[in-house]
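Protein sequence lines, in the order shown, are assigned to chains A and B. Here UniProt numbering is used: position 84 in the first sequence is 84, and no number is missing along the way. Here UniProt numbering is used: position 456 in the second sequence is 456, and no number is missing along the way. For every residue, glycine included, the Cβ atom is placed at its ideal position computed from N, Cα and C.
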Amino acid sequence: MGAAFFPVLFFTAFWACVGIGVPMMTPKGPNQSLFRCIMMLTAATCWLFWLCCYMAQMNPLLGPKLNQNTIYIIAKEWGSELKDG
Amino acid sequence: MGSLFRSEEMTLCQLFLQSEAAYACVSELGELGLVQFRDLNPDVNVFQRKFVNEVRRCDEMERKLRYLEKEIKKDGIPMLDTGESPEAPQPREMIDLEATFEKLENELREVNQNAEALKRNFLELTELKHILRKTQVFFDETVPTVSYNTSSSTTTFKSRWRYGRRQMADNQNEDEQAQLLGEEAGMRASQPGQNLKLGFVAGVILRERLAAFERMLWRACRGNVFLRQAMIESPLEDPSNGDQVYKSVFIIFFQGDQLKTRVKKICEGFRATLYPCPEAPADRREMAMGVMTRIEDLNTVLGQTQDHRHRVLVAAAKNLKNWFVKVRKIKAIYHTLNLFNLDVTQKCLIAECWVPVLDIETIQLALRRGTERSGSSVPPILNRMQTFENPPTYNRTNKFTKAFQALIDAYGVAAYREMNPAPYTIITFPFLFAVMFGDLGHGTLMALFGLWMIRKEKGLAAQKTTNEIWNIFFGGRYIIFLMGVFSMYTGLIYNDIFSKSLNVFGSHWHVNYNRTTVLNNKHLQLNPSTADYEGEPYPFGMDPIWQVATANKIIFQNSYKMKISIILGVIHMIFGVSLSLHNHTYFKNRNALLYEFIPQLVFLVMMFFYLALLMFIKWNRYAATNAPPYSAGCAPSILITFIDMVLGNTPKTPLPGCESYMYAGQSFFQNLFRFVALCCIPVMLLGKPLKIIQQRRQANRQNLTGATSDAEVGMTNGTAGGVAGHGGGGDPHEEEELSEIAIHQGIHTIEFVLGSVSHTASYLRLWALSLAHAQLAEVLWNMVLSIGLKQEGWTGGIMLTIVFAFWAILTVGILVLMEGLSAFLHTLRLHWVEFQSKFYKGTGYAFQPFSFDQIIENGGAAAVEGAE
Numbered sequence: 001m002g003a004a005f006f007p008v009l010f011f012t013a014f015w016a017c018v019g020i021g022v023p024m025m026t027p028k029g030p031n032q033s034l035f036r037c038i039m040m041l042t043a044a045t046c047w048l049f050w051l052c053c054y055m056a057q058m059n060p061l062l063g064p065k066l067n068q069n070t071i072y073i074i075a076k077e078w079g080s081e082l083k084d085g
Numbered sequence: 001m002g003s004l005f006r007s008e009e010m011t012l013c014q015l016f017l018q019s020e021a022a023y024a025c026v027s028e029l030g031e032l033g034l035v036q037f038r039d040l041n042p043d044v045n046v047f048q049r050k051f052v053n054e055v056r057r058c059d060e061m062e063r064k065l066r067y068l069e070k071e072i073k074k075d076g077i078p079m080l081d082t083g084e085s086p087e088a089p090q091p092r093e094m095i096d097l098e099a100t101f102e103k104l105e106n107e108l109r110e111v112n113q114n115a116e117a118l119k120r121n122f123l124e125l126t127e128l129k130h131i132l133r134k135t136q137v138f139f140d141e142t143v144p145t146v147s148y149n150t151s152s153s154t155t156t157f158k159s160r161w162r163y164g165r166r167q168m169a170d171n172q173n174e175d176e177q178a179q180l181l182g183e184e185a186g187m188r189a190s191q192p193g194q195n196l197k198l199g200f201v202a203g204v205i206l207r208e209r210l211a212a213f214e215r216m217l218w219r220a221c222r223g224n225v226f227l228r229q230a231m232i233e234s235p236l237e238d239p240s241n242g243d244q245v246y247k248s249v250f251i252i253f254f255q256g257d258q259l260k261t262r263v264k265k266i267c268e269g270f271r272a273t274l275y276p277c278p279e280a281p282a283d284r285r286e287m288a289m290g291v292m293t294r295i296e297d298l299n300t301v302l303g304q305t306q307d308h309r310h311r312v313l314v315a316a317a318k319n320l321k322n323w324f325v326k327v328r329k330i331k332a333i334y335h336t337l338n339l340f341n342l343d344v345t346q347k348c349l350i351a352e353c354w355v356p357v358l359d360i361e362t363i364q365l366a367l368r369r370g371t372e373r374s375g376s377s378v379p380p381i382l383n384r385m386q387t388f389e390n391p392p393t394y395n396r397t398n399k400f401t402k403a404f405q406a407l408i409d410a411y412g413v414a415a416y417r418e419m420n421p422a423p424y425t426i427i428t429f430p431f432l433f434a435v436m437f438g439d440l441g442h443g444t445l446m447a448l449f450g451l452w453m454i455r456k457e458k459g460l461a462a463q464k465t466t467n468e469i470w471n472i473f474f475g476g477r478y479i480i481f482l483m484g485v486f487s488m489y490t491g492l493i494y495n496d497i498f499s500k501s502l503n504v505f506g507s508h509w510h511v512n513y514n515r516t517t518v519l520n521n522k523h524l525q526l527n528p529s530t531a532d533y534e535g536e537p538y539p540f541g542m543d544p545i546w547q548v549a550t551a552n553k554i555i556f557q558n559s560y561k562m563k564i565s566i567i568l569g570v571i572h573m574i575f576g577v578s579l580s581l582h583n584h585t586y587f588k589n590r591n592a593l594l595y596e597f598i599p600q601l602v603f604l605v606m607m608f609f610y611l612a613l614l615m616f617i618k619w620n621r622y623a624a625t626n627a628p629p630y631s632a633g634c635a636p637s638i639l640i641t642f643i644d645m646v647l648g649n650t651p652k653t654p655l656p657g658c659e660s661y662m663y664a665g666q667s668f669f670q671n672l673f674r675f676v677a678l679c680c681i682p683v684m685l686l687g688k689p690l691k692i693i694q695q696r697r698q699a700n701r702q703n704l705t706g707a708t709s710d711a712e713v714g715m716t717n718g719t720a721g722g723v724a725g726h727g728g729g730g731d732p733h734e735e736e737e738l739s740e741i742a743i744h745q746g747i748h749t750i751e752f753v754l755g756s757v758s759h760t761a762s763y764l765r766l767w768a769l770s771l772a773h774a775q776l777a778e779v780l781w782n783m784v785l786s787i788g789l790k791q792e793g794w795t796g797g798i799m800l801t802i803v804f805a806f807w808a809i810l811t812v813g814i815l816v817l818m819e820g821l822s823a824f825l826h827t828l829r830l831h832w833v834e835f836q837s838k839f840y841k842g843t844g845y846a847f848q849p850f851s852f853d854q855i856i857e858n859g860g861a862a863a864v865e866g867a868e
C-alpha cells in the first residue's frame, strides 16, 4: 500500500535536476538569474503538480465504477481476459 | 546587473550642451533611447519656445510628405520600405529636404491641375460626341412624328417612347406603339406646318436627376415641351473627384422663345450641361468628325500627363519612407531641444534628464560622438544631481520578457525599485493557466501556434498590420507558447487528450469480475481493497481507468482538483507574502517587516497552510485497505475539520470504530494554531501605529532635552536620512497624520484577514474551470465526433470527414480560443488580485526615454502629441 519507490525517486530526481542542476550550470550572462528563477519555478510547480496527482491516487478510498461495455472493451483492449464462471 | 527582479537604479542628471553641439548630441541620444528629458520650461507657452519655427517647418514637411503618400497610394505604387533607419540629417540639410519636397509638391500639384483641366475638356468632348451620336437617332426617327404636344396624349406617348424603344421586341408594346403613332399621325394631319417652328436644345444630365428634371419641365412648361432622352451606357469620369458617374443625353423640343428661356433656366437649375447641336445633318456629321479628332489628340496629351505624374511618383515612392524617418527625427530633436533651458550667455543649453545609472558610460560616449560630429571643441557635461523626486521605473526587458512585463504594467507600474512580479509570472502564469486548461491536445495546438509565431517572428514583425487582435496574439507569442507547453504537461498529468486518456504505463486497476457477474450488472465498481488495485498508483499522472469510469469519474476528480487548487493557491499566496519580505528589507522598513510581514506569514501558515497539510495527511493516512480508524469509511471531510477548527467546535461523534481526529494531538495543535493566528490580528492592526507613536515621542524628547550639539547632529542625521530614505521612497510617512496611519493599518489588516479567506476560496476557480474545460471537451467528443466514428461503410467515411471538420472547428473555436481566453483572464485575476495584493503596490510611473525607434514606430504620433 502506498507509494512505489522507483517512480517517486525518478520524478523527484528528474525535477530536482531541472530545478537545482540546470540552474547551477547556467552560463554567466545578463539573464543568468532570470533563467535560474525560471528553471527553479518550473521544477517546483511541475513536481508539486505531479506529487499531488500521485498522492491523491496513492490510497484510493473508492474505486472506479465502470459500465458493462467499458469492462468488455477493457478486457479486450488492455489484455486482461475476464474469468469464466 | 540589470535584471528584471527590480527596476533599474535611476539618477537625475544635468546636461550642459554647447548650442552648436546640442543638435548632434540630442540626435545621438535619440538613437540610444536611454534618456528621459524633463521639461524645464513648463510655464512657457509652446508657441514661445526657442525652436518653434523649426518644429513648424518639420510639420510643414511632414504635411507635404503625407500629400505625396496619399497620391502614391491613390496610384497604387508600391513604396519601398527597407526597414532601415537613416541618421537624423544635419540641420543645414533641412533646407535641401525642404526644397526637394517643395519642388515635388509643386510639380505634383501642377500635374494634377493640368490633368484635371484636360479631363474636364475630355469629358465635355465625350459628352458632345454622345450627344451628336444619340441625337442623330432622334432626328432620324422622330422628326416626322413629333409635331404637336398636347397634354394627355403626350404623357403616355412620352412615357412609352424611350430610347431603345426600337430594340424592344415586346408585342404588346409594339401594338400600343402602332396605336399611338396612328393617333399622332391623325393629329399631325389636322394641323400641318407646326413642326417647322420647333426649336430644340440638347445636353447631358446626371441620370439620377433625370426623373425630377422631366417632371419639372413638364410642370413648368405645362406640357408644351417634348423631351427625348437616351442613356450613355459607359460611365464617365468626374474630373473633380475621379468618381465614375452615369449620365443621359436629352434633347428638348419646344416652340417659341419664352419656352426656350424657361427650358434653359431649368437646365441650369438641374446642372445639365447644354451643348450646341447644329440642325443640319451635314453640319452635325462634320462636327462629330471634328470632335473625334480632338478627343484623340486629347487622349495622347492626357496619356503623357499621366506618364509624367507616374514617373514623379515612382521616384518619390523610393525615398518616401526614408524621408519620413528623417523628418520625424529632426522634429523629435527640435521638440526635445524645446524642453531645454537656455543659460544667460545663450552659449549653452541646459537639460535635465533621468538616466539609468548603469548606462551613464554609454551616454557619455554618445555625447562625445555627437560633439565630434558637430565639430565643436567644448565637450558636453553630464552631472549627477541629488533630488527628492521619485525616479521613474525602468525595467529592461527583451522580446521574451516584454509581454510578461506588459501584463504586470497593465495593473500598475511598479514603484521605484519595488519587487517586480514579472520574473515569477513567467512561470506561474502559464502554470496556473495550464491547471485550468489542462489538455494535451488543446495544449499542443496552442503551443504549436505560439511556436509558429516565434519561428516566423522576423517576417511577421516586418509586415506591420493594424489588426489589433493579431497584434495582441503576436505580442503575447511567448506567453502563448509557454501556456501551451504547460497545458501539455498538465494535460499529461490529468491524462486528458481531447477528453480521452493515454494508457502508457498500463492501468494499475484490473477487472477481476467473472463473465456472469459482468453480464448481469450494468455498472460494476472496482474495489480498491482487493486485487482490483495494484497497491501503487499509476506512476505519472491520473490512472487512465478514471477517464472511462463514466459513473464516478467526476466525484473522484472533483475531490482531487479542489484539493490541488487549494494547495497551489495557498503556496502561491505564501510565495507572494515572502516576496514582501524582500521589499521590506530592501527599503529598510523594519516596522513593516516586524508588524506586517511576520504576522501575515504566521497567519497564513497557521490557518491555510495547515489546511493544505491536512489534505496531504488525509491522502497519506486513509486507505480502503486500512483497519477502521483509518479506513475509507472513517475518512473525515477536510472542510468540516477546518470549519470546526476555526470555530473552535468539538467534532461530531465519529462512526463506530472511527476516531474524530486524524492524528494524535490534533485538537491541541488546532487550538494552538487558532490562538496564534488570532494573536496575529492585533499585531497587524496595532503594531505599526504604536511603534510609530513611540518613535515620534522619542524623537520629541531628544529634541527637547538634547544639547545644541546633539541637536545639530540629529539634524544632519535627519537630512541625511531623508535623502537616503528617499531612495527607499518611505519618508513621506514622517509627516503623515497618526490617525491616517491607524486607519490605513486598520483597512490593510481587515483586507488581509478577510482577503486570505476569500482569496483562498478564489483559487477554487482553478478547479471550476478545469472541470468545465474537461466536461466541454467530453461533451464535444460524445455529441459530435463519436457520431462520425460510429458510422459504417463508405458513407461513414464521408460522414466522418464532415463531422471531423465540424468537431475540429468547434475544438479550436470554443475549446482553444474561448476557453483559452477565459482561463487567461482568470489567471490574470489570480495574479493581479490574489498574488500581487500580498506585496505589490504598483504606484510608480514608467520610464519613457527619448528614443527615435519609439517615435518612428508610433508614426510620429508621440512627437505630434508633444508639440501640441
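My understanding is that residue i touches residue j, with C-beta atoms under 8 Å, so please give their C-beta distance in whole angstroms.
i	j	result
residue 3/B	residue 34/A	6 Å
residue 14/B	residue 350/B	7 Å
residue 453/B	residue 486/B	Not confirmed; about 17 Å, so no contact.
residue 844/B	residue 413/B	5 Å
residue 537/B	residue 57/A	4 Å
residue 88/B	residue 329/B	4 Å
residue 248/B	residue 219/B	No, residue 248/B and residue 219/B are not in contact; Cβ-Cβ is about 20 Å, not under 8 Å.
Tell me where the beta strand (DSSP E) around residue i begins and ends.
i	result
residue 249/B	247-255
residue 385/B	381-385
residue 273/B	273-275
At what residues does the alpha helix (DSSP H) containing residue i begin and finish?
i	result
residue 697/B	666-705
residue 57/A	32-58
residue 775/B	764-780
Skipping 5 residues on each side, what residues in its chain have a beta carbon closer than 8 Å to that of residue i?
i	result
residue 534/B	508, 509, 510
residue 531/B	510, 512
residue 66/A	74
residue 75/B	309, 310, 313
residue 785/B	803, 804, 807
residue 291/B	125, 128, 129, 132
residue 55/B	331, 334, 335, 338, 867
residue 40/B	339, 340, 341, 350, 351, 352
residue 649/B	643
Check residue i in the structure and name its three-state DSSP category.
i	result
residue 794/B	helix
residue 199/B	strand
residue 231/B	strand
residue 833/B	helix
residue 16/A	helix
residue 299/B	helix
residue 348/B	strand
residue 90/B	coil
residue 177/B	Residue placement at residue 177/B cannot be trusted, given a pLDDT of 41 that sits under 50; the coordinates are not used to answer.
residue 84/A	coil
residue 208/B	helix
residue 353/B	strand
Please return the same chain residues whose Cβ sits closer than 6 Å to the Cβ of residue i, not counting the five positions on each side in sequence.
i	result
residue 445/B	816
residue 749/B	684, 685
Taking Cβ-Cβ distances below 8 Å as the criterion, which residues of the stretch 541-558 of chain B are in contact with chain A? 541, 542, 543, 545, 546, 548, 549, 550, 551, 552, 553, 555, 556
Quick one: which residues of the stretch 14-46 of chain A get their C-beta closer than 7 Å to a C-beta of chain B? List them in chain order. 30, 33, 34, 37, 38, 41, 42, 45, 46
Near-chain B residues of the stretch 45-63 of chain A (beta-carbon distance less than 8 Å), N- to C-terminal order: 45, 46, 48, 49, 50, 52, 53, 54, 55, 56, 57, 58, 59, 60, 61, 62, 63
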